[in-house]
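Notes to accompany the following structure.
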Amino acid sequence: MSLSMGKCRLLCFFFQCSLLGAMYTVQIDATNMPPIYHYISTDKFIVYAKKAHNVYAERIHRLYWQTESPFRCECRCGRNQSILQEIFMFCERTYRNSPEQAELATELGRMLMYQGNVTKAAGWYSTAMKLDGNHVEALIGIIWCQILQDNLEEAEQQLDFLREVQQSLGKSKELCFVEAIFASKKNKEEKAAVDFLKEAVEMHFAALNGLPLGVEYLEKLSPTFIVDVVKEFLVFCPKQPAGPGQSASPILEKAAAILAPVITVAPCLSEPLYFMAQVLYLSGNFDGAQGNLQRCIELDPEWSDAHLLLAQIYLSQGQYAECSQSLETGVSHNFKMREHPFYLLIKAKVLKQTGKLAEATQMLRMCMSLPEMKRGAATGGKADTLSVSERVSVYLELAELLMLNGEQVEL
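The sequence shown: position 32 = 93 (the numbering used here), numbered continuously.
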C-alpha cells in the first residue's frame, strides 16, 4: 500500500469523518500529519468534506474498491446530514456499478437509517438479504426497521431465528441492541432492555481493550453506535433534572461514562456533545450541560435541538430572559424551529411565568394542533417527536392555563 493510500485510510477513520474529507485533506499535504490532525479536530473538516465531493469524486470512486475492506465512512461523520447525503449518492453510484455487493446494500440501508428514512432503509436491507441470505447485519437492520415501524410480530419472528443463528456464532453487540429496543417497545421491560444495552456496551468496549489510538481504535469506537445506545438509555431516565441533594440515576452515570471517550477523540462531532449535555442536565450539572451545548451551537448553529435544550436549562433555573433569548437565537438560524413542539411548549411556559397567560394559551393550542400531539400519530422512528409523557405535559400545562383564565377545560 502506498504512503498516500495509507494516510488516506488513516484520515478516513480519524474523528469519524468521511473518505471524501480525507482525500481533500491529503491533497493539502499528504506528508505532514500534525496539520492534518488539526484540520480534522475542528469543524473546518466538514467544509473540506463537502468540497471534496465534486473535486475528487472519480478518484474516490476508484479508491473505494482498492482498499482491503469496505469501510463504513457514514459511521464516522456523526450523522452530519449534508455529508451523509453526499456519501449516499457516491455509494449508490458505486452500487449501480457493482449490484452484486450485499455489503454495500447494507451500508446504504444504514445510511438511510441515520437520515431517519426507515422505509427506504428497510428496502436496502431486504436487497442485501436477497443478495446474501446469510448476511446477519442486514437481517439485524431489517429487525430494527420493523421495530421502529411497529411491526413487532414480524420482528419477533426474525429475532427468534437470529437467536438460533447466534447460538452457533456467538452474541453480537448489534443483536443485544435490537433485543433492547424490542424489549422496550413491546413489553416496556425496563430491566431487560437496560441489561441488553449494558451487555452491548460491554461487548463494544471489550473490542477496544488494549488498542492504541490509531486506525483500528477509531474504526471500532463507532460514535454513532454509542449515541444510539445512549438514546435508548435516556428512555428509562427521569425527564426532569435531579434536585439538590438527590443522586443522579445510575443509568445517567453509565451514559456519561460511554460518551466521554467519544468526545475526547472526536471533539468536532455534535451528537455526542448534545447527548452528553442532556445527560449532565438531567444529572443536575447545568454548567457542564451549557458548556457542551455552546460547543454544539458553534459547530452547527442551525441545530434546533441544541437551542431548545439550552432554553430548557435556562427555564429550569428561572432565567426567563435568557431562555427567551436562546429560543429567538435558534429561530434566527432556523426559522422552522418555531414549528417544533418543544419550542411552543417552552415558549408557553416562559409566557406563563411572565404573566402573559393569553399568549401562553395560544402557544399551547398551536402545539396541540401539531401532528405529534394527535393520538396514534406515527413517529416513524424520528428522534424529535414527543413522547407520551411529554404530550401529557402539554395537556396539563394547557389545562392549568385555562383554569387560570377562568375558561372551561375541554381537551
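Ideal Cβ positions, reconstructed from N, Cα and C, are used throughout, including at glycine.
Remember, it's a predicted structure, so these values are computed and weren't measured experimentally.
Measuring C-alpha to C-alpha distances from proline 322 to each of Tyr278, Cys206 and Gln351 identifies Tyr278 as the nearest. Threonine 415 carries a coil assignment under DSSP once its states are collapsed to helix, strand and coil. As the crow flies, the alpha-carbon of cysteine 384 is around 38 Å from that of asparagine 248. Taking the Cβ atoms as the reference, proline 299 lies roughly 10 Å from glycine 345, outside the contact range of under 8 Å.
Contact between the segment 175-184 and the segment 206-218 is present, with at least three C-beta pairs closer than 8 Å. Apart from sequence neighbours up to five positions away, the residues of its chain that approach glutamate 363 with a beta-carbon distance below 6 Å are His394 and Asn395, ordered along the chain.
A distance below 8 Å between beta-carbons, with the five flanking residues on each side excluded, links asparagine 466 to the following residues of its chain, in chain order: Leu418, Ala419 and Thr422. Taking C-alpha positions only, leucine 145 is separated from leucine 200 by approximately 22 Å. With respect to the 8 Å criterion, histidine 401 and leucine 369 are classified as neighbours on the basis of their beta carbons. Just so you know, the alpha carbons of glutamate 458 and serine 430 end up roughly 15 Å apart. Going by C-alpha positions, proline 305 is about 14 Å away from aspartate 348. Between the C-alpha atoms of leucine 343 and aspartate 366 there is a straight-line separation of about 15 Å. One Cα belongs to cysteine 329, the other to threonine 390, and the distance between them is close to 21 Å.
For phenylalanine 297, the three-state secondary structure derived from DSSP is coil. Rounded to the nearest angstrom, the Cβ distance from valine 262 to valine 290 is 6 Å, consistent with a contact under 8 Å. Lysine 232 sits in coil when the DSSP states are folded into three classes, being neither helix nor strand. Using a 10 angstroms sphere on the CB of glutamate 433, the tally of other CB atoms reaches 16 or more, which defines it as buried. In the DSSP assignment, cysteine 206 falls within the alpha helix (DSSP H) that extends over 197-209. If you keep only unbroken alpha helix (DSSP H) runs of at least 4 residues inside the segment 231-316, you get 234-247, 251-267, 276-282 and 284-296.
Residue Glu461 holds the alpha-carbon nearest to the alpha-carbon of lysine 410 among Met398, Leu360 and Glu461. According to the DSSP assignment, phenylalanine 347 belongs to the alpha helix (DSSP H) that extends over 347-360. Look at alanine 460 here: in three-state DSSP terms it is helix. For alanine 244 and tyrosine 186, the gap between their C-alpha atoms comes out near 22 Å. For cysteine 152, the enclosing alpha helix (DSSP H) starts and ends at 142-158. Residue state for glutamine 373 is assigned as helix, using DSSP reduced to three classes. By alpha-carbon distance to glutamine 227, the top candidate from Asp211, Asn195 and Ala382 is Asn195. Within the same chain, Cβ atoms closer than 6 Å to the Cβ of glutamate 240 are found at Phe257, the five residues on either side in sequence being excluded. Alanine 166 is positioned such that its CB atom lies closer than 8 Å to that of tyrosine 156. Ranked by Cα distance from tyrosine 456, the options Leu405, Glu235 and Gly416 are led by Leu405. Of the candidates Glu250, Met172 and Ser377, the residue whose Cα lies closest to the Cα of glutamate 293 is Glu250. The beta carbon of glutamine 351 sits closer than 8 Å to those of Ala338, Leu371 and Ile374, all from its chain and outside the five residues before and after it, given in chain order.
DSSP places methionine 172 in the uninterrupted alpha helix (DSSP H) bounded by 163-175. Pairing proline 311 with valine 197, the inter-Cα distance amounts to about 32 Å.
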